[in-house]
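So the protein sequences, as listed, match chains A and B.
For what it's worth, the numbering used here labels the leading residue of the first sequence as -7, then goes sequentially.
For what it's worth, the numbering used here labels the leading residue of the second sequence as -7, then goes sequentially.
Read the structure below first, then the notes.
There are 2 protein chains.
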Amino acid sequence: MTTIRDVAKRAGVSVTTASYALNDTGSIGEATRKRVLEAAEELNFHPNAFARNLKRRKTQTIGVFISRFSGSFYEEILEGIHSVILETDYELLVCPESRSTRRILLHRQVDGAIVFDRKITNDQVLKLASRRFPIVVLDRDLQNDFILPLLLDNAQGVREAFRHLYNQGLRRMAFVAGALDALDNAERMETFLSEAKRQHLHVPVCQGNFTEVSGYEAAHLLFQSAQLPQAVFCANDQMAFGFLRAMKERGLRAPDDLAIVGFDDIPLARHMQPSLSTIGASRFEWGATAVRQLIDFLDNETPFQPLRLSTRFLARQSSTLNAELPPALGATHDSALSS
Amino acid sequence: MTTIRDVAKRAGVSVTTASYALNDTGSIGEATRKRVLEAAEELNFHPNAFARNLKRRKTQTIGVFISRFSGSFYEEILEGIHSVILETDYELLVCPESRSTRRILLHRQVDGAIVFDRKITNDQVLKLASRRFPIVVLDRDLQNDFILPLLLDNAQGVREAFRHLYNQGLRRMAFVAGALDALDNAERMETFLSEAKRQHLHVPVCQGNFTEVSGYEAAHLLFQSAQLPQAVFCANDQMAFGFLRAMKERGLRAPDDLAIVGFDDIPLARHMQPSLSTIGASRFEWGATAVRQLIDFLDNETPFQPLRLSTRFLARQSSTLNAELPPALGATHDSALSS
DNA sequence: ACATTGAAGTGAAACGGTTCACTTCATTCC
DNA sequence: GGAATGAAGTGAACCGTTTCACTTCAATGT
């Protein structure tokens, strides 16, 4: 392992000079600089990141904390983050939930963090965030000078979805809720119910927890009620998927027997049979925005700009009555595979 | 930022003692140890990872180098890796292709690497790998004491697929090839063609590059030939997907007009209409095996054990003639969403 | 009674960079 | 001609740990 001392020796200069030359700092003559760079090249020198970070107290790295890799939900967010990182001189460290999370966060192995992992508590985030360690949170409404929440505009998409159902003459609606502690769930439910209320509709709520199975179970519960609803809004796509499975088993068809709407626009949604109406946002843009703001804060102390990511309702087969929608595949395969 | 010195001072011991106590090394009295740990707790002390790594010359971190996040191809591999990491005292650093790759690899910010990114050259891998820096490669056939290739057993699955087609009486077959420089493509093609040869079949080859579009284009090329083949094997699912799109546009149906088989078993494959016959491997197991061997090498110097990951053919609608296959969704949704 | 042992604890030198404060020396200015 | 300036380069402290080599001292063996 060659060190900067080796380089300095070979170039016939002091370690200081070598460091300045390699980092393009200090004032070093052109000839000397060249000699140092050549020596470094010849010795295949690469500065030890630990020594450097230890001294600089900066890592030039952004940490992203997610709960897991699968689900293709994070995928696009990560892609967005990655695409921005590529244009900066920062590096990216992705950390799935585990002990590591604590370690990396606490040991300051990154200069800033993007958090999308409910296992990390609000308290932890609050305690960690500081001018020297800004944090962007994607999954909670937590905010101060050093914490930027970047959330979905749940209300917008849900309102559109409600209108879509309502305008088709559907009146008996039900809501399948996700995890109780999730902000997104609360907002989606709150919006849906209040829209319904404005139309003097009462909407029963089935409690789920965002998993496919809980959607399946919610469906069974609803099937037992005296009168089937005409439309069901599920707080996310996974539950909608489970709900549709239960319907299929019962011989019920969407949208004719029951119109279904989900939330998230997971990749599968457009490929299902019937394709699933849902509410989507650009997760790519989400990730990109997060890291852009974070780096802007780190480099220029630009104050955080909270904002809500716009969502939009996507009418597909599962909720669109008597429409001549093209079959899912033919209509959408292109963008589906473009990723 | 509190340091070990603060802890030592508070506990009324030397820095050395504090370090030994915190790391459970050296020989330290029970009472003293307790006092140190308490002091650390009270001061909310967390050792600086850079200083530690600098001194220890070990990072206790495994680096995974992939070319990108999307495609849901890496997803399961990462999950597999992650699941093993969770049970060890190693951490995980996932690095999408970029300058970072070079930096992290060269600067030894990780103790070992798992490489799945063709942008990293064989030369680089060879130069980097050493007893102190073992590397597992998932995308190339490169091997020495410190480099472990973990590849798919392409032949096995492809052979099964060929038989499946052949046993249904199909004789006119074509092959859509992927990127020329890819080992996987070479092996799949080689196997398919030699199986065909044994049956005295001649199989024309259309060159593609693993992308959906290249599959689409390959289809158009084939459509111009005098006689349509009865079965087409695509070297991966993406191309098969493009091929099916072209067929649809032409009013051709799989499997009746043309039986289609892909390779990879991407999540979409089972959800398409028709569902896509393909060849799959447990990518989860793939990742898990890789990291297990790597850590075993690092911790115990266990020599690398090259092996091929078994693959299996999955008969689905796109290639199964006159069969009563259940509809894709009903049959498979459970495992599809279980992730 | 004295050497031996081993547990408990310590001082200081690393690890490999960065950077502050400083020197040297040629050039410019008045 | 002497002070002022500034470019080029250097020595050494420092970042926060770990760990080698060492001391101290009570307990043990003979």
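All C-beta atoms, glycine included, are put in the ideal place defined by N, C-alpha and C.
Please read these numbers as outputs of a predicted model, since none were measured by experiment.
Selection from the options that minimises the alpha carbon distance to residue i
| i | options | result |
| --- | --- | --- |
| P295(B) | L118(B), T24(B), Q216(B) and S122(B) | S122(B) |
| R275(B) | F108(B), L250(B) and Q52(B) | F108(B) |
| V168(A) | L286(A), V28(A), P221(A) and N314(A) | P221(A) |
| R304(A) | V224(A), H156(A), S310(A) and L118(A) | H156(A) |
| D145(B) | R2(B), W278(B) and Q116(B) | W278(B) |
| G161(A) | L193(A), L140(A) and D133(A) | L193(A) |
| V253(B) | G243(B), H263(B), F37(B) and L236(B) | L236(B) |
| I69(B) | G272(B), T24(B), A307(B) and Q309(B) | G272(B) |
| E89(B) | D103(A), V102(A), D81(A) and H74(A) | H74(A) |
| D229(B) | S206(B), I(-4)(B) and F138(B) | S206(B) |
| F184(B) | L134(B), F57(B), L290(B) and F225(B) | F225(B) |
| D176(A) | P39(A), H263(A), R(-3)(A) and L142(A) | L142(A) |
| G55(A) | I127(A), N40(A), N114(A) and E33(A) | I127(A) |
| A3(A) | R242(A), I(-4)(A), G18(A) and V28(A) | V28(A) |
| H135(A) | V117(A), V150(A) and Q148(A) | According to the sequence as given, residue 135(A) is Gln; it is not His. With distances taken between Cα atoms, Q135(A) lies closest to V117(A). |
| M239(A) | A210(A), T80(A) and P259(A) | A210(A) |
| R49(A) | A43(B), R48(B) and Q52(B) | A43(B) |
| D(-2)(B) | D16(B), P39(B), L84(B) and G21(B) | P39(B) |
| E67(B) | T53(A), V86(A) and D81(A) | V86(A) |
| S311(A) | R132(A), E22(A), R242(A) and M264(A) | M264(A) |
| I287(B) | T80(B), K47(B) and S19(B) | T80(B) |
| F138(A) | N15(A), F215(A) and R124(A) | R124(A) |
| R245(B) | A227(B), I258(B), R262(B) and S267(B) | S267(B) |
Element boundaries [beta strand (DSSP E), containing residue i]
| i | result |
| --- | --- |
| V224(A) | A223 to C226 |
| G207(A) | Where G207(A) is concerned, there is no enclosing beta strand (DSSP E), although the alpha helix (DSSP H) it sits in stretches over E204 to F215. |
| Q199(B) | V197 to Q199 |
| M231(B) | Looking at the DSSP string, M231(B) is not in any beta strand (DSSP E); the run it does join, the alpha helix (DSSP H), is D229 to E241. |
| E34(A) | From DSSP, E34(A) is part of no beta strand (DSSP E) but of the alpha helix (DSSP H) over E22 to L35. |
| A169(B) | M165 to A169 |
| G104(A) | G104 to F108 |
| G272(A) | T270 to G272 |
| G55(A) | T53 to I58 |
| L120(A) | Premise fails: L120(A) lies in the alpha helix (DSSP H), N114 to L120, not in any beta strand (DSSP E). |
| L143(A) | I139 to L144 |
| I252(A) | A251 to V253 |
Partners in chain B for residue i, counting only beta-carbon separations shorter than 7 Å
| i | result |
| --- | --- |
| H212(A) | The contacting residues do not exist; H212(A) stays about 15 Å from chain B at best. |
| L70(A) | F61 |
| V86(A) | V86 |
| Q101(A) | A41 |
Contact set between residue i and chain A, taken where Cβ atoms lie within less than 8 Å
| i | result |
| --- | --- |
| R242(B) | Per Cβ cutoff of 8 Å: no residues; R242(B) is ~12 Å from chain A at best. |
Contacts of residue i in chain B (Cβ-Cβ under 9 Å)
| i | result |
| --- | --- |
| P397(A) | Any question about residue 397(A) goes unanswered here, given that chain A covers just -7 to 331. |
Neighbouring residues, chain B, relative to residue i (Cβ below 8 Å)
| i | result |
| --- | --- |
| L46(A) | N40, F42, A43 and L46 |
Rounded Cβ spacing between residue i and residue j (contact assumed at less than 8 Å)
| i | j | result |
| --- | --- | --- |
| T(-6)(A) | N36(A) | 7 Å |
| S269(A) | R300(A) | The Cβ separation is near 22 Å, so there is no contact. |
| G164(B) | Q219(B) | The sequence given here places Arg at residue 164(B); Gly does not occur at that position. So it is a contact: roughly 7 Å between Cβ atoms. |
| A32(B) | T24(B) | That belief does not hold up - the Cβ atoms of A32(B) and T24(B) are roughly 13 Å apart, past 8 Å. |
| P247(B) | L306(B) | That pair is no contact at about 14 Å. |
| A364(B) | L78(B) | Absent from the model: residue 364(B). The displayed extent of chain B is -7 to 331, so no value can be given. |
| T51(A) | V102(A) | 6 Å |
| R195(A) | A171(A) | It should be pointed out that residue 195(A) corresponds to Val in this sequence rather than to Arg. About 19 Å; that fails the 8 Å criterion. |
| A178(A) | F202(A) | Not quite, the Cβ-Cβ distance comes to about 13 Å (not below 8 Å), so this is no contact. |
N- and C-terminal bounds of the alpha helix (DSSP H) containing residue i
| i | result |
| --- | --- |
| M181(B) | L175 to R190 |
| T281(B) | R275 to N292 |
| T9(A) | V7 to N15 |
| R245(A) | Note, R245(A): premise wrong, no alpha helix (DSSP H); not H, not E. |
| A347(A) | Chain A is shown only over -7 to 331; residue 347(A) falls outside these bounds and no answer can be derived. |
| L70(A) | F65 to I77 |
| I(-4)(B) | I(-4) to A3 |
Cβ-based contacts, 7 Å cut-off: residues of the segment 246 to 277 of chain A near chain B: L260, H263, M264 and Q265
Interfacial residues, the segment 13 to 36 of chain A to chain B, with Cβ spacing under 7 Å: none
Near-chain B residues of the segment 142 to 170 of chain A (beta-carbon distance less than 7 Å), N- to C-terminal order: none
Selection of the segment 185 to 207 of chain A by Cβ proximity to chain B, strictly under 9 Å: T203, E204 and V205
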